[in-house]
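Chains as they are written, first to last, in my numbering: chain S, 249 to 454; chain H, -15 to 87; chain U, 602 to 757; chain R, 15 to 286.
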């Protein structure tokens, strides 16, 4: 019964003209504008969409988006990647572990100056002994063995952390470096957590 | 959640009654801090007394490790129509008593 | 509505409170001063000190007593435990959580008419052995179970 | 003798301040099975029942400048009808010419019957002041739909419009982490840490999610309404704060509730 209604509604939507579609878009924008407010460090401007966010929202919702549009936006993301200033990709895996465990930062309940976490465990398995891990992203347990330690692999991983959108525009993975979620030093620590043979990610992996 | 009402449910099965009690109480340990870093004062139930037809069947001594909004369940000899009364007292001297008839 | 009476009685501390308890007829005069008889044991921080304070010099392992609890608790703030004794003349059951800041969590005393079985919920600060201690015919019996505590959903 | 700091740390985990703390556990534990057993064991004695009791009293007690009870409040099934009302919300209300969820509707009733200013409630925080009264009323009302089939009527054009607006809101990516609701709730079998994330785009997931909120959160020892739940989702998306009872939150509720149609109301829920 619900399905029938859904189909009927989709039919209605398909049947409405471009003017009405534009009208709905206008209504939506007005709704967002009057429904949100700034609180703490989370300003209302966060509700404004970046170009790629808008296109990915449409794609997620099932709209068709042409490949050229996606590719053009992806290239822009690729240009955001910055490599470590001193050419060194690795910090301390122990600090990296704390960053991977912490999901703090950037919410309206976080005070200004809060040190952000990476929130890695929310979505990924890393240390095989940690049973509280999410599954939105792939398991990264045994990362060193899985990806190897070639320069290519190291640079790939860094770019993936800095801005995962450079490789896959509409991935759920956030832009840890580009969006300023983690500092360069923190990213190096996370890199060490992923690659260091002594890191539990690798040492305890079967 | 401040200390508040109690919910007692008592049901009969054969010659036994099953009593389930839910109490509204913060059960503060006294070791917790609020977001501004101030210690929240200890506030927890220390004693519970349950009676059936005014005869004590169960007493309990609790520490702050009993969960917030405590729940406990017990069984006793009894029948439909009996009056189950539960009373608690906390470390601040607040108390509450509720009763229910076994259905 | 289940509850017939809903009254919050605001009593003062000390004697006033005890008088109040006696006043509502819940406690017999002889029991007025028995409120949290094991008060001192609740404040001790080490399991062996708590046992000593409770008068436990030795406790037989196992016996006909059962502690039912999950192997893993999704949140330490609410850990369900079910305590049951099949021993004759069970007087009381106690729950102790070894790694809590104060291990003694609760004591239930069974009087005439009560069956020696209770269910409740306790807080656990971290993964720990949980002990069920039973006093029956003046003797103590114990069982323990390890309960793992996890916290998930980072950020709440 | 343990230090005070250690004691504090020990309790911190138990009472949920360190929400991000997590303990490495021995691998041999069958986590999924253990967690399922745990969830089954905490179902008895949901403390939300205590709020529902209070809400029941609040519903029938005179209050506000007009000293009226809410006994004549129309939640969609006629004045004073509470049984089954929540399973049919949100809906279009002719008297306000708006689609309303339970909480925005309760504010309307409190305003018209009791003279309580809704703007005051909108400005408050959750679990404080008038908004706490609303939460208690919510606990009562949703308990009266426990076991009912979710049946949200989509015939009115305004409902169809709100569904479409809610759908767009659901997929709306923004903020420093580029998240939308769909980032976590748009696919099957996903979880954050150990928390299962229902796929709200499908009937089964929507029924599981919509049907088990509002709920008592054991980690916070708090009862959370659906507005509260959505508010915290936006917080974790790192977006701006949704205004209490705003159209965006109602539209999202319409989207979830309509997707959940045919499912069972298991409210109030109890969550970790």
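Where a beta carbon is used, it is the ideal one built from N, C-alpha and C, also for glycine.
Would you list the residues sitting across from residue i in a DSSP beta bridge?
i             : result
residue 667/U : 685/U
residue 58/H  : 3/H, 719/U
residue 107/R : 112/R
residue 42/H  : 34/H, 711/U
residue 746/U : 731/U
residue -10/H : 7/H
residue 242/R : BP columns for residue 242/R are empty, so no partner.
residue 737/U : 691/U, 740/U
residue 650/U : Paired residues: none, contrary to the question.
residue 88/R  : 93/R
residue 283/R : 229/R
residue 705/U : 697/U
residue 296/R : The first residue shown for chain R is 15 and the last is 286, placing residue 296/R beyond what the model contains.
residue 661/U : 742/U
residue 17/H  : 23/H
residue 12/H  : 27/H
residue 210/R : 205/R
Would residue i and residue j qualify as a contact pair, given that the criterion is a beta-carbon distance under 9 Å?
i             : j             : result
residue 678/U : residue 47/H  : no
residue 68/H  : residue 86/H  : yes
residue 66/H  : residue -8/H  : no
residue 438/S : residue 368/S : yes
residue 182/R : residue 305/S : yes
residue 691/U : residue 735/U : yes
residue 279/R : residue 100/R : yes
residue 424/S : residue 435/S : yes
residue 657/U : residue 684/U : no
residue 686/U : residue 666/U : yes
residue 325/S : residue 426/S : yes
residue 407/S : residue 329/S : yes
residue 272/R : residue 113/R : no
residue 283/S : residue 139/R : no
residue 454/S : residue 390/S : yes
residue 354/S : residue 252/R : yes
residue 196/R : residue 308/S : yes
residue 395/S : residue 405/S : yes
residue 199/R : residue 211/R : yes
residue 670/U : residue 55/R  : yes
residue 41/H  : residue 34/H  : yes
Between residue i and residue j, how many whole angstroms is the CB-CB distance? I'm expecting something under 8 Å.
i             : j             : result
residue 69/R  : residue 127/R : About 16 Å separates the two Cβ atoms, so there is no contact after all.
residue 62/H  : residue 1/H   : 4 Å
residue 73/H  : residue 30/H  : 6 Å
residue 277/R : residue 121/R : That belief does not hold up - the Cβ atoms of residue 277/R and residue 121/R are roughly 26 Å apart, past 8 Å.
residue 731/U : residue 746/U : 5 Å
residue 189/R : residue 294/S : 4 Å
residue 281/R : residue 226/R : 7 Å
residue 672/U : residue 50/R  : The Cβ separation is near 11 Å, so there is no contact.
residue 45/H  : residue 708/U : 4 Å
residue 375/S : residue 445/S : That belief does not hold up - the Cβ atoms of residue 375/S and residue 445/S are roughly 14 Å apart, past 8 Å.
residue 701/U : residue 232/R : In fact, because the Cβ distance is near 17 Å, the residues do not count as touching under 8 Å.
residue 441/S : residue 348/S : 6 Å
residue 674/U : residue 654/U : With 8 Å as the limit, residue 674/U and residue 654/U do not qualify as a contact, their Cβ atoms being about 27 Å apart.
residue 95/R  : residue 176/R : Wrong, their Cβ atoms sit about 23 Å apart, outside the cutoff.
residue 254/R : residue 401/S : Going by Cβ atoms, the distance from residue 254/R to residue 401/S rounds to 38 Å, so no, they are not a contact pair.
residue 60/H  : residue 714/U : 5 Å
residue 307/R : residue 164/R : Residue coverage of chain R in this structure runs from 15 to 286, which leaves residue 307/R outside it and unanswerable.
residue 65/R  : residue 149/R : 7 Å
residue 450/S : residue 392/S : 4 Å
residue 155/R : residue 116/R : 6 Å
residue 722/U : residue 680/U : 6 Å
request  = Pair every Cβ in the segment 47 to 59 of chain H with every Cβ in the segment 660 to 667 of chain U, then say whether three or more of these pairs are closer than 8 Å.
outcome  = no
query = Do the segment 356 to 364 of chain S and the segment 278 to 291 of chain S make contact, defined as three or more Cβ pairs closer than 8 Å?
reply = Contact between the segment 356 to 364 of chain S and the segment 278 to 291 of chain S is established, with three or more Cβ pairs separated by less than 8 Å.
task = With a floor of 4 residues, list each alpha helix (DSSP H) that falls wholly inside the segment 352 to 438 of chain S, ordered by position along the chain.
result = Secondary structure remark: continuous alpha helix (DSSP H) runs of at least 4 residues inside the segment 352 to 438 of chain S, in chain order: 368 to 371, 391 to 395, 399 to 410.
inquiry  = Pairs of beta-carbons, one from the segment 4 to 21 of chain H and one from the segment 51 to 70 of chain R, closer than 8 Å: are there three or more?
reply    = yes
task = Please determine if the segment 75 to 84 of chain R and the segment 133 to 141 of chain R are in contact, where contact requires at least 3 C-beta pairs separated by less than 8 Å.
result = Between the segment 75 to 84 of chain R and the segment 133 to 141 of chain R there are fewer than three C-beta pairs closer than 8 Å, too few to call the two in contact.
query = Between the segment 17 to 28 of chain H and the segment 367 to 385 of chain S, are three or more C-beta pairs nearer than 8 Å?
reply = Segments in contact, no.
key: Any beta strand (DSSP E) of 3 or more consecutive residues that is wholly inside the segment 129 to 206 of chain R   = If only uninterrupted beta strand (DSSP E) runs of at least 3 residues are considered, those enclosed by the segment 129 to 206 of chain R are 204 to 206.
key: Runs of alpha helix (DSSP H) lying entirely within the segment 47 to 74 of chain R, each at least 4 residues, in chain order   = 62 to 74
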